[in-house]
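Trainee:
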Amino acid sequence: MAIATDFNQRNIDDFHAKEGRGVGPWGDNLLLLTSKGAATARDITTPLVHRRRGDDYVVVASKGGAPSDPAWLSNVRANPEVEAEVAGDAGVDRFTAQARVVASGPERDELYSYMTEVWPAFADYEAKTDRTIPVVVLTRVR
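So, in structure tokens, the structure goes:
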């Protein structure tokens, strides 16, 4: 069983109850990312705002503009094969994906801008912190 914080668990439960549609302020743009803990190897599920780009899914390691990266990013770096869940045409679409961290450079900047179109608060998060907020591209493998 995947572990999650109470806040995250409420959003995970809401996501499943609504099959990924109309979840909280994120609407249909919530993705559940399950990664293996870097230290524990336990499955940890994190709800994240996402946007589709071609066949890939893009998420942002913003942590609300905190000065440090979110824990899930360390997990993805250590164990890049992840499980993802998104709203699909016939309910929740669950799949295995390969995570690729884009931490800097023109691709990161373009993807980050792309994500602010779906969640404008990302621009505020970026302004709040001195760190460059990484973007993660999820590519379906099965």
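Those letters in the sequence shown? Residues 14 to 155, per our numbering, in order.
C-beta: ideal position from N, C-alpha, C; glycine also.
Just so we're clear, the structure is a prediction, and the values are computed from it rather than from any experiment.
(1) From the DSSP output, which residues share a beta bridge with G101?
(2) Return yes when the Cβ of Y127 is within less than 8 Å of the Cβ of G78, no when it is not.
(3) Based on Cα-Cα distance, which residue from T129, A136, E96, G101 lies nearest to V154?
(4) With DSSP as the reference, label R34 as helix, strand or coil.
(5) Do the stretch 65-81 and the stretch 29-37 touch if we need at least three Cβ pairs shorter than 8 Å?
(6) So, for L43: in the same chain, excluding its five sequence neighbours on each side, which residues have a beta-carbon less than 6 Å away from its beta-carbon?
Mentor: Put simply:
(1) BP columns for G101 point to G104.
(2) Going by C-beta atoms, G78 is not nearer than 8 Å to Y127.
(3) Restricting attention to T129, A136, E96, G101, the CA atom closest to the CA of V154 is found in E96.
(4) Assigned with DSSP and collapsed to three states, R34 falls in coil, not helix or strand.
(5) Flag = no, the stretch 65-81 and the stretch 29-37 do not touch.
(6) Excluding sequence positions up to five before and after L43, its CB lies within less than 6 Å of the CB of F28, V36, P60, all in the same chain and listed in chain order.
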